[in-house]
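Take any residue in the sequence shown, note its place counting from 1, add 14, and you have its number in our numbering.
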Amino acid sequence: MGSRLLNIQRRAAEHGRLRTGFTQGNRPVRSATWVVTSHSEEHVTKAAELWGGNVEQWTPLNSTIPQWRVITKAASIEALITPGDPLNQYNEMWSKGGCQRRCDGQTELLSRQACLCAAQFGEDWHTQPKGRVCAATSRMNVMLPDLSGMGMWRAETHSFYAAQEWGGMVDMVLAGTNGQGFVPVNLRIEPRQRVANGETKKFPVVVVELRGVTPRQALAGPMTTAMALNPSAASAAPALEAGRPDYLALAEGALTSDDVGDVWRQAGRAGHLDNQLRAALKEIGERKKAEEAGPDEDGAYEAEVVEATA
15 MGSRLLNIQR RAAEHGRLRT GFTQGNRPVR SATWVVTSHS EEHVTKAAEL WGGNVEQWTP
75 LNSTIPQWRV ITKAASIEAL ITPGDPLNQY NEMWSKGGCQ RRCDGQTELL SRQACLCAAQ
135 FGEDWHTQPK GRVCAATSRM NVMLPDLSGM GMWRAETHSF YAAQEWGGMV DMVLAGTNGQ
195 GFVPVNLRIE PRQRVANGET KKFPVVVVEL RGVTPRQALA GPMTTAMALN PSAASAAPAL
255 EAGRPDYLAL AEGALTSDDV GDVWRQAGRA GHLDNQLRAA LKEIGERKKA EEAGPDEDGA
315 YEAEVVEATA
């Protein structure tokens with residue numbers, strides 16, 4: 015592998031945005047389906063083929079550079095959470111002059127003062143009318159595996175409720191994967207309503223949910239890229255048949271490589287040790303072995319996990 019510059023952060027190019035609204039003239043309009051925008055007509059055309067809608071040229075507010083967009087017919091689209099931490103969240107207030115406030119919930123970072131909205135309106139500041147206080151802004155970088163290009167797409171929401179749920183979902187995934195590997199998800203626009211002070215308010219919330227994998231699989235450690243790209247095939251694999259032990263989960267939970275060997279032999283006795291499972295258990299066993307700190311107290315080293323011969 016070649017070398018990399020060590021003084022810059024490596025990241026994939028941003029291909030475009032996933033939006034939950036669009037503009038008609040100067041008027042913002044909420045959308046019940048995803049709106050895909052990009053500088054690339056090719057990307058937007060492919061999105062229209064996948065999710066419906068008409069491709070059109072469009073110029074964002076406060077910009078003179080035209081882009082392409084499609085108001086799709088899809089309320090849910092397939093995506094991949096990428097390695098690292100894909101989520102960025104701040105409470106922000108914007109004007110034509112740019113960002114006026116950016117707060118982490120405790121400190122307004124531009125002025126270095128305590129949260130200005132909470133100081134003025136209390137802990138329920140988020141219920142104030144739009145424009146009077148900051149908006150809870152969440153930006154998540156995802157990959158859309160069925161679109162052209164290897165870059166990222168930014169999904170953005172200004173929903174206070176989505177901010178809570180996105181943070182919880184991503185943190186659980188990161189706890190299981192340590193930010194390694196891809197995780198298949200659906201990004202779904204869900205209509206909700208809230209009753210307060212006798213008034214019913216309807217609003218959309220973007221929900222991030224696992225796609226094609228169980229919480230056990232998502233939290234057992236980094237999954238293979240092949241599994242993330244085609245989780246339906248993984249769900250249909252023999253390892254997940256009813257009544258069959260989840261050998262990979264047992265191996266991941268093993269304390270030592272010798273314990274992984276016990277799982278190997280268990281699968282062999284049951285007639286479940288196919289080539290795919292054999293390769294996966296070998297990889298887990300080698301990883302466990304590498305984590306073990308040298309010889310034990312008797313000076314013995316852990317044995318390598320090998321397949322028993324007849």
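Glycine included, every Cβ here is placed at the ideal spot set by N, Cα and C. Just so you know, these numbers come straight off a predicted model, no measurement behind them.
With a 10 Å radius around the Cβ and a threshold of 16 neighbouring Cβ atoms, His57 comes out buried.
In its chain, beyond the 5 residues on either side, Thr47, Trp65, Gly66 and Gly67 have a beta carbon closer than 7 angstroms to the beta carbon of Lys87. Counting the other Cβ atoms within 10 Å of the Cβ of Gln231 gives 16 or more, which makes it buried. Using a Cβ distance threshold of 7 angstroms, Gly226 and Pro97 do not count as a contacting pair.
Under DSSP, the beta-bridge partners assigned to Ser52 are Gly30 and Trp82.
In the structure shown, Met237 adopts coil according to DSSP, grouped into three states.
For Val227, no beta strand (DSSP E) encloses it, and the DSSP letter there is neither H nor E. Residue nearest to Ala242 within the set Phe196, Ala284, Gly212 and Ala234 is Phe196 (criterion: CA-CA distance). Three or more Cβ pairs closer than 8 angstroms define a contact, and the stretch 124–144 falls short of that threshold against the stretch 74–83.
For the pair Val49 and Ile85, the CB atoms are nearer than the 7 angstroms cut-off. Note on geometry: alpha-carbon atoms of Glu266 and Ala293 lie some 14 angstroms from one another. With respect to the C-alpha of Gln103, the residue from Ser125, Gly112, Glu63 and Arg168 having the closest C-alpha is Arg168. Residue burial annotation: Ser125 is exposed, with fewer than 16 other C-beta atoms found within 10 angstroms of its C-beta.
Annotation: the continuous alpha helix (DSSP H) that includes Arg301 extends over Asn289 to Glu305. Of the other Cβ atoms in all chains shown, fewer than 16 fall within 10 Å of the Cβ of His53; this residue is therefore exposed.
A Cβ-Cβ separation of about 16 angstroms leaves Ala61 out of contact with Met164 under the 8 angstroms criterion. Inclusion of Val184 and Leu101 in the CB contact set at 7 angstroms is warranted, their separation being smaller than that value. Restricting attention to Arg258, Gln38 and Ala93, the CA atom closest to the CA of Pro245 is found in Ala93. As computed with DSSP, Glu213 is found in a beta bridge with Ala210. Two segments are said to touch when three or more pairs of C-beta atoms, one from each, lie closer than 8 angstroms; by this definition the stretch 200–210 does not touch the stretch 116–132. Setting aside the 5 residues that flank it on each side, Pro80 is surrounded in the same chain by Gln71 and Thr73, each with a C-beta closer than 6 angstroms to its C-beta; the list follows chain order.
Excluding the 5 residues flanking it on each side, Arg115 has same chain C-beta neighbours closer than 6 angstroms at Met107, Glu122 and Cys148, in chain order. Under the DSSP assignment, Gln134 falls in the alpha helix (DSSP H) whose first and last residues are Leu130 to Phe135. Here Arg153 is near Glu170, since their CB atoms are less than 7 angstroms apart. One thing to note: Arg206 has its Cβ no nearer than 7 angstroms to the Cβ of Lys215. The continuous beta strand (DSSP E) containing Arg116 extends over residues Gly112 to Cys117. Around the beta carbon of Ser271, 16 or more other beta carbons sit within 10 angstroms, so the residue counts as buried.
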